[in-house]
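Enquirer: To convert a position in the sequence shown, counted from 1, into this note's numbering, add 385.
Every residue, glycine too, gets a C-beta built ideally from N, C-alpha and C.
Bear in mind the structure is a predicted one, so any value in this text is a computation, not a measurement.
Submitted below is the structure of interest, expressed as structure tokens.
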Amino acid sequence: MNLSNPLYNLLIFTIATVLLYFFLRPVKGWFWLLKNNLKLNEKVIIEDILKQLYTDENSGKQVTINALTRSLKFRDELIINTLKNMSVSELIRLDGDVVRLSPVGWEYALKIVRVHRLWEKYLAEKTGYDKSEWHTRAEMMEHELSHEETNRLAIQLGNPMYDPHGDPIPTLLGKMPEEKGVSLATLPVNTVGRIIHIEDEPEVIYKQILAENIHIGSWIRVMESNNERIVFYAEGEDFKLAPVVAANITVEVFEKDAIQEDDAVRLSSLKANETARILGISKECRGESRRRLLDLGFVKGTPIRIDLVSPLQNPKAYEVKGTSIALRDDQAINILIKKD
């Protein structure tokens, strides 16, 4: 090929110009996208470190560099270099291998926690995402929302004090609502109370709790408690958990003479020949799903019975206010009844 050919030279020049344009064009050029991505990654690492430190320090743990490298999903070298930069910026304090949040870092960490828990509340109340997805989606969004967007979200949600798991949400001024209750794993037999918090980390334990269909807001009575298992009664069922799993459930303990709801059971337990009255809808049912059930007539005091049963026993049609309404069992467990 003749390199002195004007057409060939023009083609090379055109290609080079186009590539240069895509590389350097303002805002969306490859160079700027790469640069912004690197900045975003640095921000994500810093904020993940701050949140991890907040979680551990809030639990009374002393945090080391080695512990952070095990907890976070970044390269060790990247974490260590970021810690050095954070120390210079006075977000953290390094004392040998021990890492602590500075007052500035603590304030920053609270802002991240605020975004995370507000977004979980948003997902629970305003979307149809399954509760198993809330935490992961909130972890992505906590790095995206600005201070102004976070405050608008809080106002939209009515400035909630607690997220859907029962964790307190820091206020605009960084104040933390009171954390109440005690661990289910520590309660003696015959303790009566109400579940007010289910910890969503670690994920493997949270999934075990979800699989058992244990609900926030449920009244419980501890039936057995030892080093091997915790057994409690709630809403017509016995639940058996390993102590390590029960430790992630927080209960508000009631006095012995408190009014109990031992006769409240789930609609899914109703038999074909039984009748009942609706006591309410579980707090575990939120947003559009809750509004739909209320609109269909599943309100307190309403008589209810099974109208039809499918060949596979699921779903079932329930007669409510003269209307037959089909519900799956995973919907019926959210409706509390008292059998006649």
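Take the Cβ of residue 424 as the centre, count every other Cβ of all protein chains shown within 10 Å, and call the residue buried at 16 or more, exposed below.
Expert: With a pLDDT of only 46 at residue 424, under 50, the local geometry of the prediction cannot be trusted, and the value read off the model is given with reservation. When all chains shown are included, residue 424 counts as exposed.
Enquirer: Could you have a look at residue 582 and say whether DSSP puts it in helix, strand or coil?
Expert: In the structure shown, residue 582 sits in a strand (DSSP, three-state: E or B).
Enquirer: Less than 8 Å between the beta carbons of residue 636 and residue 569, yes or no?
Expert: Yes.
Enquirer: For the alpha helix (DSSP H) holding residue 490, just list the boundary residues, first then last.
Expert: Segment 488-511, the alpha helix (DSSP H) holding residue 490.
Enquirer: DSSP three-state call for residue 632: helix, strand or coil?
Expert: Reduced to three states, the DSSP call for residue 632 is coil.
Enquirer: Have a look at residue 537 and residue 501 and give me their C-alpha separation to the nearest angstrom.
Expert: Going by the C-alpha atoms only, they are around 14 Å apart.
Enquirer: I'd like the list of long-range same chain contacts for residue 724, defined as Cβ closer than 6 Å, with 5 residues on each side in sequence excluded.
Expert: These residues qualify, in order along the chain: 659 and 661.
Enquirer: Distance check for residue 499 and residue 420, CA to CA, integer angstroms please.
Expert: In this prediction, residue 420 scores a pLDDT of 48, lower than 50, which makes its location untrustworthy; the coordinate-derived value is nonetheless stated afterwards. So the alpha carbons of these two residues sit roughly 28 Å apart.
Enquirer: Measure the CB-CB distance between residue 714 and residue 653 and report whether it falls below 8 Å.
Expert: Yes; because the gap between Cβ atoms is below 8 Å, this pair is in contact.
Enquirer: Which partner residues of residue 610 appear in the DSSP bridge assignment?
Expert: Residue 610 pairs with 615.
Enquirer: Within the chosen definition, does the region 481-494 reach the region 520-534 through at least 3 CB pairs nearer than 8 Å?
Expert: These segments do not touch.
Enquirer: What does a CB cutoff of less than 7 Å around residue 559 pick up in its chain, not counting 5 residues either side in sequence?
Expert: Excluding residues within five positions, the ones whose Cβ falls inside 7 Å are 492 and 495.
Enquirer: Short check: CB of residue 600 to CB of residue 667, under 8 Å?
Expert: Contact: yes.
Enquirer: Apply the 10 Å Cβ neighbour rule to residue 549 and answer buried if 16 or more other Cβ atoms are within range, or exposed otherwise.
Expert: Residue 549 comes out buried.
Enquirer: Tell me residue 688's beta-bridge partners as DSSP assigns them.
Expert: According to DSSP, residue 688 bridges with 662.
Enquirer: Thinking C-beta only, is residue 580 closer than 8 Å to residue 634?
Expert: Yes.
Enquirer: I'd like the list of long-range same chain contacts for residue 632, defined as Cβ closer than 6 Å, with 5 residues on each side in sequence excluded.
Expert: Result list for residue 632: 568 and 570, in chain order.
Enquirer: Keeping to the same chain, check which residues put their C-beta closer than 7 Å to that of residue 685; ignore five residues upstream and five downstream.
Expert: Closer than 7 Å at the Cβ level, and outside the excluded window around residue 685, lie 663, 664 and 665.
Enquirer: For residue 728 and residue 696, what's the separation of their Cα atoms in angstroms?
Expert: Summary: the structure shown does not reach residue 728, with the chain confined to residues 386 through 725, and so no result is reported for it.
Enquirer: Taking the continuous alpha helix (DSSP H) assigned at residue 540, which residues delimit it?
Expert: Per DSSP, residue 540 belongs to the alpha helix (DSSP H) from 532-541.
Enquirer: Taking the alpha-carbon positions, what's the residue 706 to residue 436 distance?
Expert: In a straight line, the C-alpha of residue 706 is about 50 Å away from that of residue 436.
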